[in-house]
Amino acid sequence: MKTLNELKLAQELIRFPTIKTEDKGIMKFLSRKLTAIGFKCTIIKSKGTGPKPALNLYARFGKSKPHINFLGHTDVVANLDNWSVPPFKGTIKNGQIISRGIADMKGSIACWISAVSNFTKNKKLKGSISIIIAADEETTGLGTPAVMRYLRKKNEKIDFSIVGEPTSNKSIGDEIRIGRRGSMNGVIIVYGRSGHAAFKNFINPCTALAKIISKLKSSSLDNGTKFMPPSNLEFTKMNVDNLSENVVPQSVNAKFNVRFNTKYKSSSLKKKLNQIIISTAKKEKCRVKIEYRVSGEAFYTQPNKNILMVKKIVKKITGNSPKLNCRGGTSDSRFLGKIPRLELGLRNNTIHQIDEKTSVSDLKKLTRIYNQILQNYFN
Ligand SMILES: [Zn+2]
Numbered sequence: 001m002k003t004l005n006e007l008k009l010a011q012e013l014i015r016f017p018t019i020k021t022e023d024k025g026i027m028k029f030l031s032r033k034l035t036a037i038g039f040k041c042t043i044i045k046s047k048g049t050g051p052k053p054a055l056n057l058y059a060r061f062g063k064s065k066p067h068i069n070f071l072g073h074t075d076v077v078a079n080l081d082n083w084s085v086p087p088f089k090g091t092i093k094n095g096q097i098i099s100r101g102i103a104d105m106k107g108s109i110a111c112w113i114s115a116v117s118n119f120t121k122n123k124k125l126k127g128s129i130s131i132i133i134a135a136d137e138e139t140t141g142l143g144t145p146a147v148m149r150y151l152r153k154k155n156e157k158i159d160f161s162i163v164g165e166p167t168s169n170k171s172i173g174d175e176i177r178i179g180r181r182g183s184m185n186g187v188i189i190v191y192g193r194s195g196h197a198a199f200k201n202f203i204n205p206c207t208a209l210a211k212i213i214s215k216l217k218s219s220s221l222d223n224g225t226k227f228m229p230p231s232n233l234e235f236t237k238m239n240v241d242n243l244s245e246n247v248v249p250q251s252v253n254a255k256f257n258v259r260f261n262t263k264y265k266s267s268s269l270k271k272k273l274n275q276i277i278i279s280t281a282k283k284e285k286c287r288v289k290i291e292y293r294v295s296g297e298a299f300y301t302q303p304n305k306n307i308l309m310v311k312k313i314v315k316k317i318t319g320n321s322p323k324l325n326c327r328g329g330t331s332d333s334r335f336l337g338k339i340p341r342l343e344l345g346l347r348n349n350t351i352h353q354i355d356e357k358t359s360v361s362d363l364k365k366l367t368r369i370y371n372q373i374l375q376n377y378f379n
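Per our numbering, the sequence shown starts with residue 1, numbered consecutively.
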């Protein structure tokens, strides 16, 4: 079996313009590459953004335990105007590959596959390596859950997972995510009683909303955890639909977003917020309706021997000891349930931007890191 070069593979992946949940043949291409190095590939469909389904990939090498997994996504964001080079060509300039999706995250997929091809070459492996590639991380986020359902049905158990999201900040490997904060959106509608502003025949929902906001902002949710900052609530919209200057409105509404740490589940957080909101509204004699939408629960893997092993490898290859943290928004890692995991990928300084780029030397380093992880994991 042959080894695959990370740079060549990254450029090949870049050339599929996989915006939104469009496939353009990329999963077939990946299946072909992975089958050639001994993987068994399954395409798993999920609902796409257009009329066509999104195609996700599950590929497995080996049948026995232990089972290490890599999770990635091949979809990319748009923002394609004003580039200095064509965004889907894989152009290299001054040692930088400038392409949409190179850092987020076709580059790290190429590094992982290259590392695996090197590691499994002429080897009888005792254990398994699998790869999950979602087609919709940037949009609907239904692909990874579909693959997870498939794995549950087939009774396949993953022991450790590496998520290839671009976690590196100033230099390759300087940050490793061991969890992510949860995110929840809320809408509060406060109902009062409208009336003439000059007469005291009204109950003003504006006053009640102002007090609710002030109460929510002044109550501390928690003090944070060792790896996560304190939970934080921010109001993002306030709305009083009122065309008159001398009429107190009947109702007002506001929206907020909370980023929360592992001290809460969304259910316990809702309880706490409801209590503050309802009791404050009651004091103002207002009725209140609260709606929530949870985008993701907070999750975290206690630094275990695999995480510490990866930390050591990064130090050995880059010279710098990485920080373990839970920064950033959320990622498909949230769908991995109880699987112990970490996220480690390329630098995130240009992701989603015009002229997204990664250096060729970073691609090489990440491939070496992934290769060492495989060697140590199976030792
Ligand atoms: Zn990503």
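Every residue gets a Cβ at the ideal spot worked out from N, C-alpha and C, and that includes glycine.
Assuming residue i is part of the beta strand (DSSP E), what are its boundary residues?
| i | result |
| --- | --- |
| CYS41 | 40-46 |
| THR358 | 357-359 |
| THR91 | 91-93 |
| MET184 | 182-191 |
| ILE317 | Here ILE317 belongs to no beta strand (DSSP E); instead the alpha helix (DSSP H) covers 305-318. |
| PHE199 | Per DSSP, PHE199 belongs to no beta strand (DSSP E) and is neither H nor E. |
| ILE97 | 96-98 |
| SER244 | Here SER244 belongs to no beta strand (DSSP E), and DSSP marks it neither H nor E. |
| ILE131 | 128-134 |
Determine the contact status of residue i and residue j, defining contact as a CB-CB distance below 8 Å.
| i | j | result |
| --- | --- | --- |
| TRP83 | ILE354 | yes |
| ALA103 | LEU342 | no |
| THR262 | MET228 | yes |
| ILE44 | TYR150 | yes |
| ILE172 | ASP362 | yes |
| GLY382 | GLY182 | The structure shown does not extend to residue 382, since the chain spans only 1 to 379, so no value can be given for it. |
| GLY179 | PHE299 | yes |
| SER128 | LEU336 | no |
| ALA115 | LEU308 | no |
| SER117 | ILE213 | no |
| VAL240 | VAL258 | no |
| SER344 | ILE176 | A small fix is needed here, since residue 344 is Leu in this sequence, not Ser. Contact flag set, yes. |
| ASN306 | PRO340 | yes |
| ALA59 | SER130 | yes |
| LYS106 | LEU13 | yes |
| PHE256 | LEU221 | no |
| SER46 | ALA146 | yes |
| VAL76 | ILE26 | no |
| ASP159 | LYS65 | yes |
| GLY95 | VAL360 | yes |
| SER168 | ASN325 | no |
| ASN320 | ASP81 | no |
| PHE199 | SER231 | no |
| GLY101 | GLY164 | no |
| ASN56 | ALA135 | yes |
| ILE278 | VAL288 | yes |
Give me the DSSP bridge partner(s) of residue i.
| i | result |
| --- | --- |
| LEU233 | VAL258 |
| GLU175 | LYS323 |
| ILE162 | PHE70 and LEU342 |
| MET238 | ALA254 |
| VAL248 | GLY195 |
| SER168 | ARG347 |
| VAL288 | VAL190 |
Does residue i come out as helix, strand or coil in the three-state DSSP assignment?
| i | result |
| --- | --- |
| MET148 | helix |
| GLN275 | helix |
| ARG293 | strand |
| GLY72 | strand |
| TYR300 | strand |
| PHE335 | helix |
| ARG368 | helix |
| ASN376 | helix |
| SER268 | helix |
| LEU221 | coil |
| ASP81 | coil |
| THR280 | helix |
| ASP143 | Correcting the residue identity first, residue 143 is Gly in this sequence and not Asp. Helix at GLY143. |
| LEU363 | helix |
| LYS226 | coil |
| ILE102 | helix |
Under DSSP, the alpha helix (DSSP H) around residue i begins and ends at which residues?
| i | result |
| --- | --- |
| PHE119 | 107-120 |
| LEU209 | 205-218 |
Ligand 2 heavy atoms versus the CB of residue i: any closer than 7 Å?
| i | result |
| --- | --- |
| ASP174 | The model on display carries ligand 1 but not ligand 2. |
Kindly indicate if chain C contains any beta-carbon less than 8 Å away from that of residue i.
| i | result |
| --- | --- |
| THR3 | Here there is only one protein chain, and chain C is not present. |
*asked:* Which complete beta strand (DSSP E) runs does the stretch 6-62 hold, if anything under 3 residues is left out?
replied: 40-46 and 54-61
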